[in-house]
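Taking the numbering used here, I'd label the letters of the sequence shown as residues 9 to 79.
Where is the CB? At the ideal position from N, CA and C, for every residue including glycine.
Reading through the structure tokens given below for one structure.
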Amino acid sequence: MRLYLQEQSDVELMEVPLMTSWDIKKEYRSLYAPRTADIHIVNVTEFPFVMIDGSGDPNTSPAYAIAVQTL
């Protein structure tokens, strides 16, 4: 994907890598389908994220459309 940024009346081209698909359940099968006798301690790194929170019908709610555009 190409993203065009405009800085000080100059147009700059920046290459943005596309995300590839990743099947986390396949890669960590032992954690997503564990045997009942297994105990796993998993340390997860803290990272920033964005989420949409709300209620109502997403098909008719203008607030939902605005929130999705923000993502």
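Less than 8 Å between the CB atoms is what I'm expecting for LEU87 and VAL58, so what's the real figure, rounded? The chain is shown from 9 up to 79; residue 87 falls before or after that span and cannot be answered.
Pick from ALA73, ALA45 and MET27 that is closest to GLY62, judged by C-alpha positions: Of ALA73, ALA45 and MET27, the residue nearest in Cα terms is ALA73.
CA-CA distance, ALA41 and GLY64? Taking C-alpha positions only, ALA41 is separated from GLY64 by approximately 34 Å.
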